[in-house]
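**Q** Got a structure for you, questions after.
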Amino acid sequence: MTTTALIVAAGSGSRMGGLVPKQFRLLSGKPVLRWAVEALSRHPAIRSTRVVVGKGQQESAAAALNGVDVGELIEGGAERADSVRAGLAAIDGDAVLVHDAARPFCPPEVVDRLIASLEFFEGAAPVLPVGDTLARIGDTLGEPVDRTGLARVQTPQAFRLDALRSAYDRWQGSSPTDETTVAGAAGLRVAAVAGDPALEKLTLPSDFERAEQWLAGRLSPRTGMGFDVHAFAGDGPIMLGGIEVQHSRGLSGHSDADVVLHAITDALLGAAGLGDIGEHFPPSDARWKGAASAIFLTHAVELLRARGAIIDHVDCTIIAEAPKVGPHRDAMRARIAEIAGLRVDQVSVKATTTEGLGFTGRREGIAAQAVASVRMSAC
Ligand code: CTP
Ligand code: MG
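In the working numbering, the protein residues as written are 1471 to 1849.
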């Protein structure tokens, strides 16, 4: 069975408010839509993932999904059901998982349960029990509603593609809020599988805060290390820690040879498992000749933030007999913090000599080591 994930992201998020529709807002540094897409597309049972966006949202969606394979974006409609219809018309395969972009976290076990159910049912949806008392409300609190046998229905909802298409073709009612409504009216047998609180939809501003907190609890600490050396050559000044430092000797290198920024960049890339600086900025590439190393650090920080990483701290040690680092330490910390978007207290710069020993002791060059502490989500 080939399964396509169809993510509807064409809404305007009117109840959430804010400057951009909720699906493009950042959640721990990563757009909500990207969270939702990644959660489904990395499931081994899902062959392809497609995304429905509103008219005029193509650019925001493309930026949010940069580097993620979702094929061509599909244009949605005025109501959620219009967006789903447009999506169903554009995809193929045996089965579809229709999912709200506004539900950023989808545990893989839920997808397992949904897909397993399609063997016996034409559709399946994740449900959660109703824990609170239910009541009708008018001007005052009205009649209680018996909650026995009631459930809250989440997405993703799985269907055999042809069955869902024909259910939508036959749908006569006004805008349905999800596929189970349409499928039920068409007489499809839809299984109820266990849902998950992580799938809760982001609807109101308070939902966003809840999601941030939930995510914060799932971040795990990581450490990356970086090391770099550049040889002295020619005349100073040199670039060190993002600032110009007067020195009798210059440093040789393809870029501006800032060992401190290079070591910090590598430490950050290392913490996120993203390779090393040479991989991202090969010395063989003429573009980086004489480049300001701030570019490298900025790029590494952007890569980490795009993965939802929080950078807690960077610490580096400069190993050199000269120049003296002490008088420049505060300026270096301030500049590194500025480049990396950190507070100054999240940046530490230290220095040591090697007591005249080794290449740094012989004043042949400068070395730097760095350690980066970050937190990244496991989901
Ligand atoms: N959606 C869609 N097309 C629409 C309306 C909604 O694709 N015309 C999508 C939303 O982007 C969201 C999902 O359907 O991922 C669930 O809808 P909802 O939570 O209602 O989102 P919005 O319609 O954007 O929010 P609101 O109703 O508050 O305006
Ligand atoms: Mg809506």
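We treat Cβ as the ideally placed atom computed from N, Cα and C, and that holds for glycine.
This one's a predicted model, so the numbers in the text were calculated from it and none came from an experiment.
Select from L1731, G1706, F1590 and G1712 the residue whose C-alpha is nearest the C-alpha of G1720.
**A** Taking only the C-alpha atoms, the option nearest G1720 is G1706.
**Q** Report the rounded CA-to-CA distance for R1583 versus R1520, giving the unit in angstroms.
**A** One C-alpha to the other measures close to 21 Å.
**Q** Taking the C-alpha atoms as reference points, what is the distance between A1703 and S1690?
**A** So the two alpha carbons sit approximately 42 Å from each other.
**Q** Can you name, in chain order, every residue of its own chain whose Cβ lies under 6 Å from the Cβ of S1518, other than the five neighbours on each side?
**A** Here the set comprises T1474.
**Q** Here's the rule: buried if 16 or more other CB atoms are within 10 angstroms of the residue's CB, otherwise exposed. What is I1607?
**A** Per the 10 Å Cβ criterion, exposed.
**Q** Mind checking who G1694 pairs with in its DSSP beta bridge?
**A** Looking at the DSSP assignment, G1694 forms a beta bridge with A1842.
**Q** Who sits around the ligand CTP, taking every residue whose Cβ is closer than 7 Å to one of its heavy atoms?
**A** Here the residues come out as V1478, A1479, A1480, G1481, S1482, G1483, S1484, R1485, M1486, P1491, K1492, Q1493, V1522, G1524, G1546, G1547, A1548, E1549, R1550, D1552, S1553, D1570, A1571, A1572, K1671 and T1673.
**Q** Do L1634 and C1576 have their CB atoms nearer than 8 Å?
**A** Not a contact, by the Cβ cut-off of 8 Å.
**Q** Three Cβ pairs or more, each shorter than 8 Å: is that satisfied between the stretch 1754-1768 and the stretch 1794-1804?
**A** Taking 8 Å as the limit for Cβ pairs, the verdict is that the stretch 1794-1804 does not touch the stretch 1754-1768.
**Q** Could you tell me the alpha carbon to alpha carbon distance between R1640 and L1658, rounded to whole angstroms?
**A** Rounded to whole angstroms, R1640 to L1658 spans 12 Å at the Cα level.
**Q** Mapping DSSP to helix, strand and coil, what is S1518?
**A** Residue state, collapsed to three classes: strand.
**Q** Between R1520 and the ligand ZN, is there a pair consisting of the residue's CB and a ligand heavy atom that are separated by less than 7 Å?
**A** The ligand ZN is not part of the structure shown, which contains the ligand CTP and the ligand MG as its ligands.
**Q** Tell me, please, which residues DSSP counts as bridged to S1818.
**A** S1818 is bridged to D1785.
**Q** Can G1696 and D1736 be called in contact, C-beta distance under 8 Å?
**A** Going by C-beta atoms, G1696 is nearer than 8 Å to D1736.
**Q** Within 10 angstroms of the Cβ of R1485, are there 16 or more other Cβ atoms? Answer buried if so, exposed if not.
**A** Exposed.
**Q** Rounded to whole angstroms, how far is the Cβ of T1693 from the Cβ of A1741, which I believe are closer than 8 Å?
**A** Correct: roughly 6 Å between the Cβ atoms.
**Q** Take every Cβ of the stretch 1535-1551, pair it with every Cβ of the stretch 1617-1628, and state whether three or more of those distances are shorter than 8 Å.
**A** They do not touch, by the three-pair rule.
**Q** Could you pull out every unbroken alpha helix (DSSP H) segment of at least 4 residues lying fully inside the stretch 1613-1684, listed in chain order?
**A** Fully enclosed alpha helix (DSSP H) runs of 4 or longer: 1631-1640 and 1649-1655.
**Q** Please return the same chain residues whose Cβ sits closer than 7 Å to the Cβ of L1674, not counting the five positions on each side in sequence.
**A** Counting only Cβ-Cβ distances below 7 Å, and skipping sequence neighbours, we find R1485 and M1486.
**Q** Run through DSSP, which three-state label would I1713 get?
**A** In this structure, I1713 counts as strand in the three-state DSSP scheme.
**Q** When the Cα atoms are used, what is the spatial distance from R1757 to F1751?
**A** Cα-Cα distance, rounded: 9 Å.
**Q** Measuring CA to CA, which of V1490, L1827 and R1555 is closest to T1647?
**A** Looking at the Cα atoms, R1555 is the closest of the given residues.
**Q** So is R1504 buried or exposed if we call it buried at 16+ other beta carbons inside 10 Å?
**A** Buried is the call here.
**Q** Taking DSSP's pairing of strands, which residues face K1794 in a bridge?
**A** Per DSSP, none; premise fails for K1794.
**Q** Would you mind reading off the limits of the beta strand (DSSP E) that contains A1770?
**A** Element bounds for A1770: not the beta strand (DSSP E) but the alpha helix (DSSP H), A1764 to A1776.
**Q** Among the candidates S1498, G1711, L1739 and S1718, whose CA atom is the shortest distance from the CA of V1819?
**A** If we check each option's Cα against that of V1819, G1711 comes out closest.
**Q** Please state the DSSP three-state secondary structure of K1500.
**A** K1500: strand per DSSP, three-state reduction.
**Q** From the DSSP output, in three-state form, read off L1739 for me.
**A** If DSSP states are grouped into helix, strand and coil, L1739 belongs with the helices.
**Q** Excluding the five sequence neighbours on either side, which residues of its own chain have a C-beta within less than 8 Å of the C-beta of E1714, listed in chain order?
**A** If we look at E1714 and ignore the five residues flanking it on each side, its Cβ neighbours are P1707 and I1708.
**Q** Where do the N-terminal and C-terminal ends of the alpha helix (DSSP H) with T1830 fall, by residue?
**A** Start and end: G1828 to G1831.
**Q** In terms of residues, what are the limits of the alpha helix (DSSP H) holding H1569?
**A** No alpha helix (DSSP H) contains H1569, which is instead part of the beta strand (DSSP E) from A1565 to D1570.
**Q** Residues in the same chain with beta-carbon distance under 6 Å from P1793, minus the five sequence neighbours each way, listed in chain order, please.
**A** Within the same chain, P1793 has close Cβ partners V1715 and H1717.
**Q** Going by Cα to Cα distance, which pick from G1835, Q1527 and L1739 is closest to M1846?
**A** Of the listed residues, the one whose Cα sits closest to M1846 is L1739.
**Q** What would DSSP say about A1479, mapped onto helix, strand or coil?
**A** Strand, per DSSP.
**Q** My parser needs the alpha helix (DSSP H) runs of 4 or more residues fully inside the stretch 1551-1612; what are they?
**A** Entirely contained in the stretch 1551-1612, the alpha helix (DSSP H) runs reaching 4 residues are, in chain order, 1578-1587.
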